[in-house]
Amino acid sequence: GAGRADAAGGRSPQVSADGGHLVFLSRSDLPAATPLHPRAGGDRWRVYGRDLATGAVTLLSDPRTDASDPRISADGRVVTYRYSTPPSKGRAPARSAAGTIVVDRGVSGKGGFDRPGNVRATDLAGAPGPVPA
């Protein structure tokens with residue numbers, strides 16, 4: 149469990165209840181990871197997913213933001229995490245953003261997580277508010 153994330157310079161490992169998938173945070177840009185977002189340098193926390201059967205690693209978060217608090221569903225298909233961006237420079241007032249992302253790693257529902265075109269990330273900041281009672 150945790151040793152696999154630690155070996156990647158990671159922290160906050162979470163294993164799916166079925167034992168098939170792991171998510172973790174790392175500040176490293178892991179070159180073997182398949183990115184779901186364009187790569188970016190810097191020292192930001194990133195969320196990675198790992199298929200424990202195949203060893204495949206996928207960068208799940210946007211590396212231009214700091215990610216935290218990754219969580220994984222029982223079957224490993226859905227991952228959530230919080231993100232934040234640094235305040236904008238050169239603009240007044242300086243603004244930062246924060247929110248929660250939900251990543252569906254198998255949109256088709258037919259297995260095979262993290263394949264191109266089969267992943268959808270949703271920023272809950274843009275979701276509608278609660279439905280009035």
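Reading the sequence shown from the start, the letters are residues 149 to 281 in my numbering.
Ideal Cβ placement from N, Cα and C applies to all residues, glycine included.
- Excluding residues up to 5 positions away in sequence, Ala222 lie with their Cβ nearer than 7 Å to the Cβ of alanine 165 in the same chain.
- Per DSSP, the beta bridge partners of arginine 194 are Ser174.
- Here leucine 207 is bridged, per DSSP, to Pro183 and Tyr196.
- Nearest to alanine 273 by alpha-carbon distance, out of Ile249, Phe261, Val255 and Pro264, is Ile249.
- In terms of CA proximity to threonine 228, Ser209 leads the group Ser209, Pro234, Gly189 and Thr213.
- Per DSSP, the continuous beta strand (DSSP E) segment holding proline 161 begins and ends at 158-163.
- For aspartate 271, the uninterrupted beta strand (DSSP E) run begins and ends at 268-271, by DSSP.
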